[in-house]
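Numbering (this note's numbering), first residue to last: 330 to 876. Beta carbons: idealized from backbone N, C-alpha and C, even for Gly.
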Amino acid sequence: MNHFIRFSSSRNNPPLQPLAVLLTGLIACLFCLRNPLFYDMAPGFDASLFAVMGKMWAEGGILYRDMIDIKGPMIFALDALGYQLDGFRGIWLLELALCWLGLLASWQAFNQLGLSFQARLGAMLAVLALYGTRYYYGNMTEDWTFHLALIAQWAFITLLLDKEFRWWPALVAGLTFAIVAWMRANNGALWGAWYLTLFLCWCLREQWRDALLLLLSSLFGLALIGAPLYGYFQQHQLLAEFKYYAFDIFFEGSYGNGFSIYVGAVGLLRTGLIMLLPAFVLLMLSRRQEWHLPALFATLFGVLFTLIANSVSGHVFDHYDVLYLQLGLLPLACLLDRSERQSDLMGLFCISLVVLTASWLLAQQLVFGWSNKEWSLDRVSEVLGASLLWALPVLILLPLWRAWDVRSATPWIASLAMLALMINNAWEGTQKGRPFNAAAQVRVDRILAETTPQDKIWVDAIQPQYYLWTDRQPASAYLFFSNVNPPYDVRERVLQDLRRQQPKFIIAKPEKLAEGLKPASSPSTQAFYHYLQAHYSEVDPGLYRRH
């Protein structure tokens, strides 16, 4: 083991070039222009809910009392900070800044590893093009985690190449880890993998002081972010609520469909990372340079930890796959770098798997399309298997790649293709997040015309986008969705809030109202819709105004 982890005398730390700053800024901007918040529109339903709660916190609401969802407080803190900058668009601006910083940090980290310019650019464009095409909502916990992971990647690689503990990169790693952990602990797999790898490396080299300081720095980061949160909830006597909605609810059976390894592995398959790993493993084992084995172990640990984390809920949503994307950036850059430098069998193997992966992903997109709805495992298997059959014929082109010796041109051609795809993604962002249909637009226009910003509304559906389109606050604190089943009657508590707040408008589906009034419905559901029927009149389809 010591043979594999022998370090050179000093770290290569080239200066950051203006071109890198401009390129990463352009990529970040193109990527984030897909976020509907930039256009004063609403992102996905989870992301819209986070934005609304961030707004309420920024305007003086008390988290887990005036607005409740089952996430850690940091996602709402980030949104509250962004909202204070420039309303909902300020959330977009904050995410853009972190995205740019993350790309710049990883660019510099890969530069320290000696990876070529083309490999760095190609890997970033490929990952972000895939991300933007399939998974990107904007303002999801996975989105913030991705940007913070790229920042942390620089910190961990710097510590690895420095061969010793240093406070500045350790603090960057610790603070990004703390933000993610206090947002959604499941998202911290990359940090856990790198912390474990560095700790083991330094222990094997008997650098006990460095290993101990690394452990303490991670705890210090958690405390630095956690202490103000603890003080906030202690001040408002909400420690029990904070603990329940941020952590306990995920472990008591109130959320999810049970543990499933196959569910956890879906992202490993759908992002194509599973295809890149064999070549990455062989490449790292064959060259045995100072950073290869630790980088390999960090990646494999990250895959393992993400597999476990994504197995917990039992749900198959596409945005969960993002947690694998951040792990794929380094392997892809390494494979592109190796295939560019040499056209031997290893180089051909590397580019073969990269091309096969790209073809597999493209086939999934072109043949089957994509969805932000929950997937069944049978459908996932069908799409992956059929797409692989469509992708395999592309391998006949690989001998031509070797014969024509176009190694230097390949990354540029691929980069231009990915850049074009990102430009298309940015254009599609202008069409995203608008009211669902003409009827929804009528509801939004009427609420805006007949209410003031101080008035409240209620949406009896999984459609928190209305709160963004109208810029009105919800009339009840219980904003989590129907896939959460806490040990109390949510309908009853929502009705209590509505009686107290008396919102001017309620958005509800007429068929849902009719169904809720039937004797088969629960008493609290019947009481809710009887209240709606008694105190509100339908002024437009699906829109009810208080008498």
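Distance from A502 to F528 at the Cβ level is roughly 12 Å; contact not present, criterion being Cβ atoms closer than 8 Å.
Contact between the segment 388–406 and the segment 344–351 is absent: fewer than 3 CB-CB pairs across the two stretches fall below 8 Å. As DSSP reads the structure, I356 sits in no beta bridge. Just measuring C-alpha positions, the residue of S710, Y573, F494 and W787 sitting nearest A594 is S710. Burial is judged here by how many other beta carbons sit within 10 angstroms of a residue's own beta carbon; N814 has fewer than 16 and is exposed.
With the rule of 3 Cβ pairs closer than 8 Å, the segment 751–764 counts as touching the segment 362–375.
Residue range K785 to V788 is occupied by the beta strand (DSSP E) that includes K785. For P660, the secondary structure class from DSSP, reduced to helix, strand or coil, is helix. I356 counts as buried, since no fewer than 16 other beta carbons sit within 10 angstroms of its beta carbon.
About 7 Å separates the beta carbons of L654 and F475, which is inside the 8 Å limit, making them a contact pair. The beta carbon of A540 sits closer than 6 Å to the beta carbons of F528, W531 and C532 from its chain, once the five residues preceding and following it are set aside; these are given in chain order.
By the Cβ neighbour-count rule, L718 is exposed, with fewer than 16 other Cβ atoms within 10 Å of its own. The segment 373–393 makes no contact with the segment 444–458: fewer than 3 CB pairs, one atom from each, lie closer than 8 Å. Annotation: the continuous alpha helix (DSSP H) that includes V823 extends over V819 to Q830. Closest option to I836, judged by alpha-carbon separation, among Q792, R534 and F609: Q792. Under DSSP, Y807 forms a beta bridge with I397. Using a C-beta cut-off of 8 Å, the segment 675–693 makes no contact with the segment 625–637, since fewer than three inter-stretch Cβ pairs fall below that distance. Around the beta carbon of P816, a 10 Å sphere encloses fewer than 16 other beta carbons of the protein chains shown; the residue is thus reported as exposed. Segment contact: the segment 455–469 against the segment 503–514, fewer than three CB-CB distances shorter than 8 Å; contact not assigned.
Closest by C-alpha distance to R538, out of L504, F494 and Y858, is F494. Per DSSP, the beta bridge partners of F834 are I786 and R874.
In the DSSP assignment, D869 falls within the unbroken beta strand (DSSP E) covering Y865 to D869. Put simply, the backbone Cα of S547 is about 28 Å away from that of L422. Counting of Cβ neighbours within 10 angstroms places G451 among the buried residues, the total reaching 16 or more. With a cutoff of 8 Å on beta-carbon distance, W429 and G354 are scored as near each other. In terms of Cβ geometry, L477 and L427 form a close pair [threshold 8 Å]. Under DSSP, D800 shares a beta bridge with no residue. For L392, the three-state secondary structure derived from DSSP is strand. For W511, no alpha helix (DSSP H) encloses it, and the DSSP letter there is neither H nor E. In the DSSP assignment, E570 falls within the unbroken alpha helix (DSSP H) covering L568 to A575. Note on geometry: alpha-carbon atoms of R828 and Y559 lie some 32 Å from one another.
In this structure, L612 places its C-beta atom within 8 Å of the C-beta atom of L664. Here DSSP, grouped into helix, strand and coil, assigns V641 to coil.
The beta carbon of D395 sits closer than 6 Å to those of A806, all from its chain and outside the five residues before and after it, given in chain order. Closest in alpha carbon position to M469, among L551, G550, N440 and H648, is H648. With fewer than 16 other CB atoms across the displayed protein chains lying within 10 angstroms of its CB, I590 is exposed.
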